[in-house]
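Report on one structure; see the data block that follows.
Residue numbers (the numbering used here): 4 to 558.
As structure tokens, this is what we get:
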């Protein structure tokens, strides 16, 4: 772990929260938008500095801040960032300023701006906390501003949507809290020390039965928050009734708190339970992929379509995590970021359509392409990236996930591939209905994107292509932490180490000693790389799995 003299992460977390609280007392609503944006941008700039100073190749936590908070219970003010959380922090830093710019009319209300800032700080805190109690505190704090954003500025059925969202996620959090306390108590019984430090709790010795029960407790909160099938029933109503800012916050940012929790806590604390129960999570992920795609195809409401599309795409993240392949896990983390970018762009464009036509009912939309060609162009770019067009960020994420999953769980990967095909069906069909056909008279004169709209959608469009063409810029930073996590799970389950697919990390990985270590995750997709093929053969016994790989390269 590396520490710095300036508390970057503390400032990044606290600045939006303090700013949001103070903003609620600002008497002039006209200043709220600019003050909120200023605070959000400063946090974003600090997050960007952290990314630029982040040491590539280091698998451990960096920029660590650690101060005692409640010493008698071992609760600390403990933050750190590694390859798993780095780009999730950057995702928050990028998307919230865009939300504040895009929803300019509403952000003139100081209460609205205050809730957005508090939500931003809570999301930062969730991704950066190295203290389990701190994580739980911020994880729960996200519920409050999200609830008030939906109920205050949502659609006609916002009350039902907000209540359902709140009760579902709170129900899951109750299991998380109970499991968290039990884990801390068990650790205390073994060491005589109370602590919520996640690096220390990861060394708690648990029986397999205890791991399973605690795994289920932690996972209850995370699969609901993501959501993963069949715990998704709150999301379509919440996404469709929330304002644009709320829809983006729920789908792009808060959904990743669930997948991040599965990675950070389930795999670290309960590696044996995670490995042995992986077929269940893989199956739920694959069902979600297919089910979400099929249901999305019959939706008339654009927001509900995106809700079920998210269920499908986050199913890919789930199988990437529980495939326990370094390739797939790299892809899962990359896809978490990609999904945040694509979903934010999609909801922003849907918001523009709603503002112009007063409807997002696909059956009532037609001919938008002729009236608003730039808006239509932006939408088709986002759609093509979402269905995995090569050269876009959506392709590389799904490619790594499916490639890595095929190594040891080929039938799950084969079935999941159907979700890629179905996504092309429902996304292109929705685009055809809304943007092609003969325009309705009321839609033939709508205005195209304004300069302001082009400016805030442009960074998202640029990232779609930049990540698709240069994924190694992210994978080089992600891979060392993934290697360390996969190695931890393998050790706990006595698995013979599989060949490494990512660059070895500073602390000394067996990857560098493996004869296949020259094959890494960043080489799987980079400009000018030769086409490679891999033939995998899996040998298993009752206690261990030996993965053998033969590689070949053809131009």
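C-beta: ideal position from N, C-alpha, C; glycine also.
| Query | Result |
| --- | --- |
| Scan the region 397-467 and note each continuous alpha helix (DSSP H) run of 4 residues or more that stays entirely inside, going in chain order. | 413-438 |
| Given a threshold of 16 other Cβ atoms within 10 Å of its Cβ, counted over all protein chains shown, does residue 28 qualify as buried or as exposed? | exposed |
| Residues in the same chain with beta-carbon distance under 6 Å from residue 175, minus the five sequence neighbours each way, listed in chain order, please. | 223, 224, 227 |
| If you draw a straight line from the C-alpha of residue 434 to the C-alpha of residue 148, how long is it? | 32 Å |
| List, from N- to C-terminal side, the beta strand (DSSP E) runs of 3 residues or more that fit wholly inside the region 268-346. | none |
| To the nearest angstrom, how far is it from the Cα of residue 1 to the Cα of residue 218? | With the chain covering 4 to 558 only, the question about residue 1 has no answer from this structure. |
| Suppose the cutoff is 7 Å on Cβ atoms and the five residues either side in sequence are ignored; what does the same chain contact list for residue 139 look like? | 179, 180, 183 |
| So, helix, strand or coil for residue 72, using DSSP? | strand |
| For residue 138, which three-state DSSP category applies? | helix |
| Would the beta-carbon of residue 404 fall within 8 Å of that of residue 323? | yes |
| Less than 8 Å separating the beta-carbons of residue 318 and residue 232? | yes |
| So the candidates are 407, 469, 345; which of them puts its Cα closest to the Cα of residue 329? | 407 |
| Any idea what DSSP makes of residue 130, helix, strand or coil? | helix |
| Given residue 26, which residues of its chain have a CB within under 7 Å of its CB, disregarding the five upstream and five downstream residues? | 35, 38, 39, 113, 116, 117, 120 |
| Report yes if the CB atom of residue 81 is closer than 8 Å to the CB atom of residue 137, and no otherwise. | yes |
| Rounded C-beta distance between residue 86 and residue 482? I'm assuming under 8 Å. | 7 Å |
| Drop a sphere of 10 angstroms on the beta-carbon of residue 364, count the other beta-carbons inside from all chains shown, and report buried for 16 or more, exposed for fewer. | exposed |
| Report, in whole angstroms, the separation of the C-beta atoms of residue 477 and residue 392, which I expect to be a contact under 8 Å. | Rounded, the Cβ-Cβ distance is 18 Å, inconsistent with contact. |
| Which parts of the region 206-246 are runs of the alpha helix (DSSP H), unbroken and 4 residues or longer, counting only runs that do not cross its ends? | 211-228, 238-244 |
| Here's a check: name, in chain order, each residue in its chain whose Cβ is nearer than 6 Å to the Cβ of residue 264, leaving out the five neighbours to either side. | 225 |
| Who are the near neighbours of residue 238 in its chain, counting only those whose CB is closer than 6 Å to its CB and skipping five residues on each side? | 230, 310 |
| Whose C-beta lies closer than 7 Å to the C-beta of residue 341 among residues of the same chain, with five residues either side of it excluded? | 396, 397, 400, 470 |
| Judging by CA-CA distance, which residue of 296, 60, 55, 8 is the nearest neighbour of residue 423? | 296 |
| Assess contact between the region 339-357 and the region 371-386, defined as three or more Cβ pairs (one per stretch) separated by less than 8 Å. Is contact present? | yes |
| Would you kindly work out how many angstroms separate the C-alpha atoms of residue 267 and residue 287, rounded to a whole number? | 20 Å |
| Using DSSP with H/G/I as helix, E/B as strand and the rest coil, what is residue 78? | strand |
| Whose C-alpha, out of 91, 332, 320, 304, is nearest the C-alpha of residue 492? | 332 |
| Report yes if the C-beta of residue 235 is less than 7 Å from at least one heavy atom of the ligand NAP; otherwise report no. | Only the bare structure without any ligand can be found here, which leaves the ligand NAP out of the picture. |
| Does residue 195 come out as helix, strand or coil in the three-state DSSP assignment? | coil |
| Grab me the residues of residue 161's own chain with a C-beta within less than 7 Å of its C-beta, minus the 5 sequence neighbours each way, in chain order. | 153, 154, 244 |
| Around the C-beta of residue 43, are 16 or more other C-beta atoms found within 10 angstroms, so that it is buried, or is it exposed? | buried |
| Enumerated in chain order, which unbroken segments of the alpha helix (DSSP H) with a length of 4 residues or greater are wholly contained in the region 137-193? | 146-156 |
| Per the DSSP calculation, residue 44 is bridged to which residue(s)? | In the DSSP output, where bridge partners are listed per residue, residue 44 has none listed. |
| Among all the DSSP beta bridges, which residues are the ones paired with residue 84? | 65 |
| Rounded to a whole number of angstroms, what is the C-alpha to C-alpha distance between residue 378 and residue 262? | 31 Å |
| With 16 as the cutoff for other CB atoms within 10 Å, does residue 276 come out buried or exposed? | buried |
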